[in-house]
Each structure stands twice: as C-alpha cells, then as structure tokens.
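2 protein chains.
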Amino acid sequence: MRLSTTFVKTLREAPKDETAINGALLTRAGYIHKEMAGVYDFLPLGRLVIERIKSIIREELSTLGSEEVSMSALQNPELWEKTGRFDDQEVDIWFKTELSAGGILGLAPTHEEPITNLVKKYVKSYKDLPFSVFQFQNKFRNELRAKSGILRGREFLMKDLYSFHATEADLDRFYERVEAAYRRIFERVGLGDCTYEAFASGGIFSKYSHEFQTMLPVGEDTIYYNDDKTVVLNKEVYNPEVLADLNVSEMRFSETTGAEVGNIFKLKYKYAEPLGLKFADEENHEQTVYMGCYGIGVSRLMGVIAEKYADEKGLVWPKAVAPYQYYLVGIGEKGTRAAEKIYHGREKEIIFDDRDLRPGQKFADAELMGIPTRIVVSDKTLESNSAEITDRMTDETKLIELDELFR
Amino acid sequence: MRLSTTFVKTLREAPKDETAINGALLTRAGYIHKEMAGVYDFLPLGRLVIERIKSIIREELSTLGSEEVSMSALQNPELWEKTGRFDDQEVDIWFKTELSAGGILGLAPTHEEPITNLVKKYVKSYKDLPFSVFQFQNKFRNELRAKSGILRGREFLMKDLYSFHATEADLDRFYERVEAAYRRIFERVGLGDCTYEAFASGGIFSKYSHEFQTMLPVGEDTIYYNDDKTVVLNKEVYNPEVLADLNVSEMRFSETTGAEVGNIFKLKYKYAEPLGLKFADEENHEQTVYMGCYGIGVSRLMGVIAEKYADEKGLVWPKAVAPYQYYLVGIGEKGTRAAEKIYHGREKEIIFDDRDLRPGQKFADAELMGIPTRIVVSDKTLESNSAEITDRMTDETKLIELDELFR
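What follows is the structure, encoded as structure tokens:
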C-alpha cells in the first residue's frame, strides 16, 4: 500500500474519551474509528489485522474438522423463550427491536439457541454425530458501560463454535482438542506467554467452564493464580468450596486482572433439552445430544494484542497479525527510486511511505502504526548497496544488502 | 469436502412457505436455513458461494483503487438527523432499538451518513481527494413483506462503495469506471446476458440514477425496455417527460420484471452538505466534496443467479461462483478406491460423495446442489482408465482419461 493513496491519516492526538490504550492508539494510528462507545468501524489497516487473526483461527479450527457457517443477527424470540433467555431478567444485554409486520425481534448476543434449532433439521441418528460448526459473526450486547476501546463492544466480532455429540465421553475428547487449538491460536497471535486457562463458573450441567484469560492491567476480570500459574481461577469461583473441590486449598494465590479472550463450555443438555435436539442411538432409543460451545472475541483479541505490546511510541504488532510486514521509506532521490523498486510486486507486504514528508515524520508514523520491520534506503545505505532494517519489537537496526532483503 | 462428514443434508421437499425458487432450492440443497421471513443463515455451501461472489467483486473494485473497511450496524441517530433520514416518515425501513445507557439507536439500512462523517476526519484539502471506500456488510431493513427467498432480506449482505471527489468531472469519470467494473462483475458471475443498466429516479442533485436490473420473472421491479434493450427504464421514470428528456419518445417499449442487483448514484452534495464534508481547494477556498455511492446486493445476487440457472432437477451454478467445481462419485469397490485417489489433495475443489447410498441418490444430489462437473468412476470407466464427466449446465457426458481429468 502506498501511503499517498490511502484516505486514512495518523492523528497526533487521541480523542479525549478514549481512555483505554488500545482505543487511543488504534484510533491515532488509523486502524479504527469510533461510532459511539463500544461501537467501532474497522479502517483498512484494522480490517487487515482482523483478517490475519481470522485466518489463524480458521487454520486451527480446520484441524478439528469444523464447518464454517454464517448466521443471522436478527432473532426470533420463539426459540429463546424455550430456554427462558429472551427474558431481560435472565439475559440483561439484549438489544430488541420491533418488526414492521408485527412482533419483537432480538439482536443475537450469542447463538446457542439458533444453532441448536438449525441442526435439529439434520440430526436424526447417532450416525449424524459428532460434528462441529463455527462462524465469525458480529454479536450485539447492550452493555451499560463500554469504555475499554475494542475490548468491550456493544457490537463486536466473535468466533463462536458449537459441537454436537452422542456421548459425554465424545464431548470431553472434543473439548480437549479445542483447548489445544485455543492454546495454539493464542500462541500464534502473540499472547502465549500471558494467557492462561482459568476455571470459571459452570452452569446447570457443568461445575466449571474454562476461560482463557490474558493477564493485563486493562483486563476487566479479577483472577487469582498460584505461584507457578498452574492454577488460575476467575474471582467468581475463588472460594473455599471450589479450592477444596480442586484440591488446591493449601496453595497461595495472588490477585491480578485478566482480559477474557476465549471461553469454552460443556453445555451438555442445557440447550438440547429445551429445544428438543434428540437422536436415535444404536438401539433406536431416543437420546439427547451433548453440546459444547467455544468462543473467541476476535475484535477484543486485536485490542488485547495492541494493549500487550504497545510502547510509548505506539503500536507494536507481532508479525503473525500485522497488517503489513514492512514499512518502507526512501530518503533522497536515489533512495526514493530504490524504494520504488523494492516496493514493486510487494504491495501486499509493504506500506510504502511515498508521501512528501520529512523522514522523521515517516519514522514516527512507522512506529505509531507498529509495522514489524522498517526498511530505509538512502544515498548512504545505497553506497553499500544496502537498506537499513529496524525491528519495531526489539528496536534493533542493521544494514542488509538489497539482494538479501526478503531472503 | 466429504459428504459423509458434513452436518448438512439435502432435503426432499422445500418448506411450504418458500414460494420463491431460490429460497426453495437453496434450502433443499443445503445452502441456506431460514430463521424467519427475509432472514437466512448461510450454511457451508452457501457461505462459499457468497465468498466466491465477494472475491470477484473485490478483484474488480481493486482496479478502482478502492480501500476496504468494515463499519458498524449500530447507528447514532445524531448523524442521520442532520440529513433528516432518521425520521420513519422519510426512511420507513428502520429497525430501531434502545440503548441501556439511554437513547435510541438505529440498525444501518445503508451507510452514507456514517461514511461521510468518518472521512471528515481525514479530508482537509484537495490533495486528500479523490478516493473511494467500500465494505461488505450486513444491512438491516424492516421490510413489511419478505417472500422472495434471499432476494429481499430484512438482514442481507451488501457491498457498498462510496467515492469522494473535488470536482463534478472527477465524480463523472469515476462513475463511468464503476459502471464498467459492475458490467464485468455481472458478466463474471454469469448474469451478463440478462442484466441491463436502467435509468431510475435521481434525487435532489441528480436527475437520474442507474440500476443494474437482471430481467427475471422473480424480479420485484417493473422495467421497460426498447426493442434492442439499449434503453431500459425503471417504471418510476417511465413517463412522457423522461422519454422526451432522453430523446427516446419515438421508441416502442415493452414491460417486464427485473431484479435490481446493483445501483449507482451521483450523490453530489446530498450528504456532504448537511454533514459538512468540505475541503480547501487550490486557492484555499472552502468547497463541498462531491460524492457517489454504488451498491451491489451480494446475497441477493446469489439468489438471482440461483433463479436464473435453476432447472427442474435443481440448482445450476456457473463455475465462477460454484462452491465446489466437481462432484465425485465412485461406484463399486474399484471405483471407490479410484475416487479416493482423485479426491486426495483436491479437497477444496471436490465434493466427494462417499456416503453409503445408491448411485442414483448421489446423482440426484449432485444435480440438486448444482455442482458444475460430475465425475463418476466405476469398474466400467476404469476399464479404459477413464472417468465419466457430466456437465451440469449442458448435460453433456463424456469419458476422460484419468490423467487428463484436471488438465
């Protein structure tokens, strides 16, 4: 991408109402635009980061054989009334709206009810199980407060995965495979060293669920961890009863804050029962399907990565999620000509800062945008037929011969 | 994809309330699932068709240098009040909802207001113009009736493109380039021979807009065309005054129905003025930005393609938008082994019907799903080391040597 042709510009100052680091820096660097608290547009660079994260998630979920669908936001209350979840007392973050033709609709805050109902059409016998389905889809949650940039959205992109099984043992096995896939995902996006699987509250059919918590000051959850972080608990289950249950009463726990980037849940019969998702087993007896659900907040994940790596100069993207790998600056006439040559054919990897600005301003923008590698070619570097390479994460600088640049 | 592992199944009968061919066949073939009238989920095959169409649109729009963004559905009324369009008397298809924190929000039926406001942040001088921005995004329209399958959605996927110019001449030039890109898009998705650019009503600043109308019985618009279809008009502008204005009063016109698959509109100052999108020209005088907007109904386009090509056996996809290129059936033990070999490494091109069913049932599903090329390998075809290839569109069948299959 040529910076001279993009419509977005970096901003010197963050809007005053952006108190979270992610919201302030992503806005200044031109990745997002705020429509209102908790509601953001993704500009070209921001959209690319989201796409990178989606690709990584897709790759890891494909190892589970999950099939991708795309479900609607508009929801028919009928399904949700069967589970009691259309009631605002039960689920207090609904956006509801009126249909011209009559009746109330909801905007999906999650999709357990509609996916359960959808698969009923196809599940008849044990031979139709197991399988899993996922989507990337915008969820709507009518949050009272939303002040954490893209960490807590009223409209936000989520990856939600649902699995369907004939037996509890099969659900358990799949759950473990999802745990492993999630660990690989968080590792690949650069959060492996600060993201932990935490015990959280379960529900009717399961004692516990698991959350993937990234330990960060900006996190809105309170979590407790033992010294070597092998046992991590959400505050909601940090009590003597649970500690005894988990056999960790003797351990010393510290408190910190976490941002929940994923959660996984053995639903078992929770939705299958009220919605009537049954199958005939090998003896032709009717059985209820076991379900699991597994979420990752995709736009939140982008915000968490931004928060984790940001420094005083701006954003710092791990290579795997960076919108572009290189930020290219040519200095002087010869440097600019050489930069044009380097750029040619690599439009999808390189942000070419071909604007009529001083190098210092370009360097500041390269840092603010957090592009992993800065390439500078100038009369001076060209004397040795080289370019100067600077790593945004380590700040290391070195000269590399032009021929070796992309080796 | 192996049919034995997908959770979706073809259905013998369409739901009774699916009166449109596209809704009925897409449901039976497992491409979509209806949540309610005008609201559909896209199942794995349906999602792939949407992705194929998006790729074609992206490719053609990239020739215009347009940048891709992703904007929110939730809308702040403030912006829309400036143009008068939050008023239900003015725009009668709003879905509105209440924010817990107080106030009414809308669900975007289109995005002129927010995009105009967004780019205000970046447009200061004539040097910042021209540029264009597009997105693929779900629109919400509170339609009183929605009985045409995915042709008229209450929630539907749209590609919307907005352009920004310093002069009217520049807008005109860009408009023509979009017209050409749209013609290529409709050609590539298989609608070139029945899609026409029609005059439609303009607005405050333009006499006419243009619609791309696909002439089909299912179309909800009434259009008029002259004998050689060089002049096509929407009913709304089919009157003596317009015919005189266009100098076509003498022509003979026939009436038919059209499905509007795209529209393009010279907005000029319509939104830029009330929302204050200005720039400083070369003499540093403040000027208003000229705008254009250009839509394509992506999910509708899928429905229109389905309607156009469907026959008594089911769907028929043009290769460019088909979810998979081949439907593979192995008959007998040897045939099945050979099919496994053919399938290997081509999982993204081939639907492998490895289910334990009679060949006749598999052939019927191949036809219902509308996959362009059916490949059958059996003991008999293997005698000549060949496979039988059947073209879904022409019904032509021939034997091809296995080595030549994908040449």
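Same order as they appear, the protein sequences are chains A and B. Numbered per the numbering used here, the first sequence spans residues 1 to 407. Numbered per the numbering used here, the second sequence spans residues 1001 to 1407. Backbone N, C-alpha and C define an ideal beta-carbon position, used for all residues, glycine too.
Under 8 Å, Cβ to Cβ, is there at least one residue of chain A near residue i?
i, result
"residue 1033 of chain B", "yes"
"residue 1114 of chain B", "yes"
"residue 1284 of chain B", "no"
"residue 1142 of chain B", "yes"
"residue 1076 of chain B", "yes"
"residue 1100 of chain B", "yes"
"residue 1138 of chain B", "yes"
"residue 1065 of chain B", "yes"
"residue 1302 of chain B", "no"
"residue 1036 of chain B", "yes"
With burial defined as no fewer than 16 other Cβ atoms inside 10 Å of the residue's Cβ, what is the status of residue i: buried or exposed?
i, result
"residue 213 of chain A", "buried"
"residue 116 of chain A", "buried"
"residue 1173 of chain B", "exposed"
"residue 1152 of chain B", "buried"
"residue 135 of chain A", "buried"
"residue 392 of chain A", "buried"
"residue 1367 of chain B", "buried"
"residue 209 of chain A", "buried"
"residue 386 of chain A", "buried"
"residue 70 of chain A", "buried"
"residue 1111 of chain B", "buried"
"residue 1348 of chain B", "exposed"
"residue 1395 of chain B", "exposed"
"residue 1075 of chain B", "buried"
"residue 1033 of chain B", "buried"
"residue 72 of chain A", "buried"
"residue 1092 of chain B", "exposed"
"residue 1234 of chain B", "buried"
"residue 24 of chain A", "buried"
"residue 1365 of chain B", "buried"
Quick one: list the residues of chain B neighbouring residue i, beta-carbon separation under 7 Å, in chain order.
i, result
"residue 71 of chain A", "1041"
"residue 122 of chain A", "1007, 1008 and 1009"
I'd like to know whether the C-beta of residue i is nearer than 8 Å to at least one C-beta of chain B.
i, result
"residue 44 of chain A", "yes"
"residue 155 of chain A", "yes"
"residue 96 of chain A", "yes"
"residue 47 of chain A", "yes"
"residue 55 of chain A", "no"
"residue 118 of chain A", "yes"
Between residue i and residue j, is the Cβ-Cβ spacing less than 8 Å?
i, j, result
"residue 320 of chain A", "residue 190 of chain A", "yes"
"residue 232 of chain A", "residue 196 of chain A", "yes"
"residue 338 of chain A", "residue 267 of chain A", "no"
"residue 1059 of chain B", "residue 1271 of chain B", "no"
"residue 1299 of chain B", "residue 1150 of chain B", "yes"
"residue 302 of chain A", "residue 49 of chain A", "yes"
"residue 1289 of chain B", "residue 1278 of chain B", "yes"
"residue 1147 of chain B", "residue 1020 of chain B", "yes"
"residue 175 of chain A", "residue 264 of chain A", "yes"
"residue 1165 of chain B", "residue 1118 of chain B", "no"
Would you mind telling me which residues of chain A sit closer than 7 Å to residue i, beta carbon to beta carbon, in chain order?
i, result
"residue 952 of chain B", "The displayed coordinates of chain B run from 1001 to 1407. Any statement about residue 952 of chain B would go beyond what the structure contains."
Strictly below 8 Å CB to CB, what residues from chain A border residue i?
i, result
"residue 1068 of chain B", "44 and 47"
Strictly below 9 Å CB to CB, what residues from chain A border residue i?
i, result
"residue 1091 of chain B", "Neighbours of residue 1091 of chain B on chain A: none; closest Cβ ~12 Å, over 9 Å."
Residues of chain B with CB closer than 8 Å to the CB of residue i, please, in chain order.
i, result
"residue 369 of chain A", "Within chain B, no residue comes near residue 369 of chain A; the closest Cβ sits about 15 Å away, beyond 8 Å."
"residue 107 of chain A", "1097 and 1107"
Every unbroken alpha helix (DSSP H) within the segment 9-80 of chain A, with a cutoff of 4 residues, ordered by chain:
Runs of the alpha helix (DSSP H) inside the segment 9-80 of chain A: 21-28 and 44-62.
Worksheet item: Unbroken beta strand (DSSP E) runs of length 3 or more, entirely within the segment 208-274 of chain A: which are they?
Response: List check, beta strand (DSSP E) in window: 208-215, 221-226, 232-234 and 253-268.
Query raised in the report: Can you give, in chain order, each stretch of the beta strand (DSSP E) that sits fully within the segment 116-187 of chain A and has at least 3 residues?
Result: Unbroken beta strand (DSSP E) runs of no fewer than 3 residues, entirely contained in the segment 116-187 of chain A, are found at 131-140 and 155-165, following chain order.
In chain order, each beta strand (DSSP E) run of at least 3 residues that lies wholly inside the segment 1277-1328 of chain B: Within the segment 1277-1328 of chain B, the complete beta strand (DSSP E) segments of 3 residues or longer fall at 1278-1280, 1286-1288 and 1290-1297, listed in chain order.
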